[in-house]
Amino acid sequence: MKHASGDKRFKILEAHIKKFQGRQDALIEVLHRAQELFGFLEDDLLLFVAYKLKLPASRVYGVATFYHYFILKPQGAHTCVVCTGTACYVRGADKVLSAVEAKSGIKAGETTADNEFSLLTARCLGACGIAPTVVYDGVITPHQTPDAAVARVNEWLPHDH
Amino acid sequence: MIIDDLDAIAEAERSSAKKTVIRCCMAAGCMSSHSEAVKTSLEKIVRDSGLSERIEVRGVGCMRLCCQGPLVGVDPDGIIYEKVTPEDAPAVIIATQGGEANVKRGDPTHPFYTKQLSIVLANSGLIDPERIESYIAVDGYRALHAVLREMTPNDVVESAIKSGLRGRGGAGYSTGLKWATVAKTPAAQKYVVCNADEGDPGAFMDRSVLESDPHSVLEGMAIAAYAVGANQGYIYVRAEYPLAIKRLQIAIKQARQTGLLGSGIFESPFSFTVDIRIGAGAYVCGEETALMASIEGRRGTPRPRPPFPAESGLWGCPTLINNVETFANIPVIIRKGAEWFASIGTGLSKGTKVFALAGKIENTGLIEVPMGTPLRQIVEEMGGGAPGGVKIKAVQTGGPSGGCIPASELDTPVDYESLTRLGSIMGSGGMIVMDESTRMPEIARFFMEFCMDESCGKCIPCRTGTVQMHRLLDKIVRREATPEDLAKLEELCDMVARTSLCGLGQNAPNPILSTLRFFRNEYLELLQAQPDGKPAPAGANAT
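Line by line, the protein sequences give chains A and B.
Just so we're on the same page, my numbering is the position in the first sequence counted from 1, plus 130.
Just so we're on the same page, my numbering is the position in the second sequence counted from 1, plus 69.
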């Protein structure tokens, strides 16, 4: 069965499922690939995965909501992930996070109304030797300060004037 | 693949070695400081100046002193350059032809380097983790050959027991005894699983091992599989480690192509394949039964033990689960002998331990020291103390399941038993230094927030206990708590520790208990006066 939308990404996802020979224990692998392709996991996509793996939708939804890595809402065009692991914390990650929250007017886990910017936190990126670290659009950046982080995300934020 | 082929690869690799080797750290820490651009720049200059015959520019794994990255090493001159930029490349190359480069030099005679003893990290920072030839040239896969040709599975288990190696993931159970249990359980299908779900914040040892020397882990897993009678392995890596995943994928592919994984390895009847399973951001999946649920594609919730995975694990089959660092120790133990390994370390804790030094400390990075090394030597001598000569207040080990060791106990030797006596645990090896500016009740709240978020929700003591403990800690930090709240908190700690289903809940109170034990005054200072107007009682063990 093809997906009714005709979206080519469903075909790519299906090929990936075939690579695992439709094995149900590949669910997490398949969800990873789905999120890579679509950016986030919307209900329709989860139903497609459930159908292809012959799993109940509840099971797929249960797994997708259990793991922090899977996101069920669209993200902003740009992302800023502040690492809040212990090493980053004792080196001032909490101050970096509050500065970005104050500047952007959103809390960690939220996206600006114009869908341009998402602010997230990570548990630990394992880059503790260069703490505090922040990931801007997927690029880990070492030794961050509140000022440096605010300057970096400023261009992604809406400007009234 | 037979031993002659292995010799031929090693010989070819050694004979093609060039006079000068410039090593560029390509582990995640240095790469985020643009070490890849440094390497590209060095390669271009070597090519353009016609020095390709004499100089090799090699991407290597972690060179350990992360805070000074990107790091570049030059052999055989024994030079380490720090904070190298692409613009420094010409000077580095000119210096190899005689002369001095005006680039920040590291000090290889600093205790940070000289006090290390490398077993697990022996190849880290030296070999190219993306080329199997580089690993074979340093005796890689020889232990696997020796095991398949000269030892019975029982010999291998005996060797592991004799070495005294204990699990490096945290609990410290004897590796050999675990192997023996799996080996003894009769079953047509068994599995070997490598736990690379390094979730403790502040820990990056396993990431570094996988990024720097992935083949040592694969070889260790293959040896373990032979010992217990498994033919399929899984490595469960967290999704937050994309570079480690990429290097593992390359390593598995190369090992398969070379015939070191797959069927009939070294023309023996032994077959072994390894698949990677990528986590999806759930701390609880570091717990072995939750990890197995996740490999099976389900929600990562733990289940009661027994049955232990050694008897009933993945899909109900006997399963051996060891940590990355544990597996990385195995090939060396086989090559150099169990007696040699057992001669390192203390009475009950053998070998070395890799620690990730981070927090308020001058030299952040990766160290490997013999078990029993005093904390003071690690933190003050090797780590260089807190930046700016500030006084160190405590060292946190074991992540959210561990505790804070006060500065007054820094002479404690680092081994499983000593750390447990202090109310902390060895854990996986994260070591976070805190100075006087860190307030302990806030640290306890920080860890409790972590445990509250990461609790899987299956058992009630952990699910609601962590929320209540966090609420009480928050009240204390906001100076709104009474002595009764503190008493309630201590009561809850005891209840959650005793009644939770898995290690996450059982150990969640540890950061509170250890900070209360050594820094009780800090809590008392935040409490409101008692209703009868008496001042808060003084702490028993306060420092």
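Note that beta-carbon positions come from the ideal geometry of N, C-alpha and C, so glycine has one too.
| query | On the three-state DSSP scale, how would you describe B:L140? | reply | Correct three-state label for B:L140: coil.
| message | Just to confirm the assignment, what range does the alpha helix (DSSP H) spanning A:F200 have? | response | For A:F200, there is no enclosing alpha helix (DSSP H), as DSSP marks it with neither H nor E.
| task | Run down chain A in chain order and give the residues with a C-beta less than 9 Å from the C-beta of B:M95. | result | Within chain A, no residue comes near B:M95; the closest Cβ sits about 14 Å away, beyond 9 Å.
| Once you ignore the five residues that flank B:H214 on each side, which residues in its own chain have a CB closer than 6 Å to its CB? | Here the set comprises I72, F335.
| field | DSSP three-state assignment for B:V172, whether helix, strand or coil | value | Looking at B:V172 - three-state DSSP - the assignment turns out to be coil, as it is neither helix nor strand.
| query | Hey, B:R316 and B:L279: beta-carbon distance below 8 Å or not? | reply | Annotated as proximal: B:R316 and B:L279, with beta-carbon spacing under 8 Å.
| request: Whole angstroms is fine: what's the gap from A:A238's alpha carbon to A:Y219's? | output: Here the C-alpha atom of A:A238 lies approximately 15 Å from the C-alpha atom of A:Y219.
| message | What does the Cβ neighbour count give for B:P400, buried or exposed, with the cut at 16 atoms within 10 Å? | response | By the neighbour-count rule (16 or more Cβ atoms within 10 Å), B:P400 is buried.
| task | Mind checking who B:L613 pairs with in its DSSP beta bridge? | result | Residue 613 of chain B falls outside the range modelled here, since chain B spans only 70 to 612, and no answer is possible.
| query | So, is the C-beta of A:Y191 closer than 8 Å to a C-beta in chain B? | reply | Contact of A:Y191 with chain B is not assigned, every C-beta pair being separated by 8 Å or more.
| request: Give the residues from the region 256-267 of chain A that approach chain B closer than 8 Å (Cβ to any Cβ), ordered along the chain. | output: Answer in chain order: G256, A257, C258, G259, I260, A261, T263.
| field | B:C99 - containing alpha helix (DSSP H), residue span | value | Segment 97-100, the alpha helix (DSSP H) holding B:C99.
| said: Taking 8 Å as the threshold (C-beta atoms), are B:D484 and B:T415 in contact? | reply: Yes.
| Rounded separation between A:L249 and B:S85 - CA only | So the two alpha carbons sit approximately 50 Å from each other.
| task | Any chance you could list the alpha helix (DSSP H) runs of at least 4 consecutive residues sitting entirely within the region 286-370 of chain B, in chain order? | result | Counting whole runs of 4 or more residues, the region 286-370 of chain B contains the alpha helix (DSSP H) stretches 311-327, 357-364.
| request: Provide the residue span of the alpha helix (DSSP H) that contains B:Q575, from first to last. | output: Run containing B:Q575: 572-576, per the alpha helix (DSSP H) assignment.
| task | Within its chain, find whatever has a CB closer than 6 Å to the CB of B:A611; leave out the 5 residues flanking it on each side and keep chain order. | result | Note that B:A611 scores a pLDDT of 40, beneath 50, so its modelled location is shaky; the value from the coordinates is reported in the next line. Same-chain partners within the cutoff: R589, N590.
| task | Kindly say whether B:Q166, judged by its beta-carbon, lies nearer than 8 Å to any beta-carbon of chain A. | result | No - not a single Cβ of chain A is within 8 Å of the one on B:Q166.
| query | Taking any Cβ of chain B, which residues in the region 148-162 of chain A have a Cβ under 9 Å from it, in chain order? | reply | Residues R153, Q154, D155, A156, L157, I158, E159, V160, L161, H162.
| message | Check this for me: beta carbons of A:A257 and B:A97, under 8 Å apart or not? | response | Yes, they are a contact pair.
| said: Give me the subset of the region 427-449 of chain B whose CB atoms are less than 8 Å from a CB atom of chain A, sorted by chain position. | reply: Those would be A427, G428, K429, T433, G434, L435, in chain order.
| message | Quick check on DSSP: helix, strand or coil for B:A240? | response | When DSSP states are grouped into helix, strand and coil, B:A240 belongs to the coil group.
| Short CB-CB distance (under 8 Å) between A:T216 and chain B | Answer yes: the Cβ-Cβ gap between A:T216 and chain B drops below 8 Å somewhere.
| request: Step through the CB atoms of chain B and report whether any lies within less than 8 Å of the CB of A:H291. | output: Reliability fails at A:H291, whose pLDDT of 46 lies under 50, so the model's placement of it is uncertain and no value is given.
| query | Thinking C-beta only, is A:G215 closer than 8 Å to A:L161? | reply | In this structure, A:L161 sits away from A:G215, with a CB-CB distance that is not shorter than 8 Å.
| Is it true that the CB of B:M440 sits closer than 8 Å to the CB of B:K419? | Yes, they are a contact pair.
| field | Near-chain A residues of the region 204-238 of chain B - C-beta to any C-beta below 8 Å | value | From the region 204-238 of chain B, no residue has a Cβ closer than 8 Å to chain A.
| task | Take A:R221 as the anchor and find which of B:R567, B:M503, B:L555 has the nearest alpha-carbon. | result | Looking only at B:R567, B:M503, B:L555, the smallest Cα-Cα distance to A:R221 is reached by B:M503.
| query | Which chain E residues are close to A:F196, counting only those with a beta carbon under 7 Å from its beta carbon? | reply | No chain E appears in the structure shown, which is made up of the protein chains A and B.
| query | According to the Cβ coordinates, are A:A194 and A:L167 closer than 8 Å? | reply | Result no, Cβ atoms of A:A194 and A:L167 do not sit closer than 8 Å.
| Spatially closest choice to B:V297 from B:P580, B:T388, B:R548, B:P578, by CA coordinates | Proximity to B:V297 across B:P580, B:T388, B:R548, B:P578 peaks at B:T388, based on C-alpha coordinates.
| Should B:I72 be flagged as near chain A, meaning a C-beta pair shorter than 8 Å? | For B:I72, the answer is no, since every Cβ of chain A falls outside 8 Å of its Cβ.
| Validate contact between the region 159-166 of chain B and the region 221-240 of chain B using beta carbons, cut 8 Å, 3 pairs | Contact annotation: the region 159-166 of chain B does not touch the region 221-240 of chain B, with fewer than three C-beta pairs closer than 8 Å.
| said: Please report whether the beta-carbon of B:A160 lies at a distance below 8 Å from any beta-carbon of chain A. | reply: So, not an interface residue.
| request: Using a threshold of 8 Å, state whether the C-beta atoms of B:I321 and B:L329 are closer than that. | output: For B:I321 and B:L329, no; Cβs fall outside 8 Å.
| query | So which residues of chain A does B:T507 contact, with C-beta pairs closer than 7 Å? | reply | Correct list: V220.
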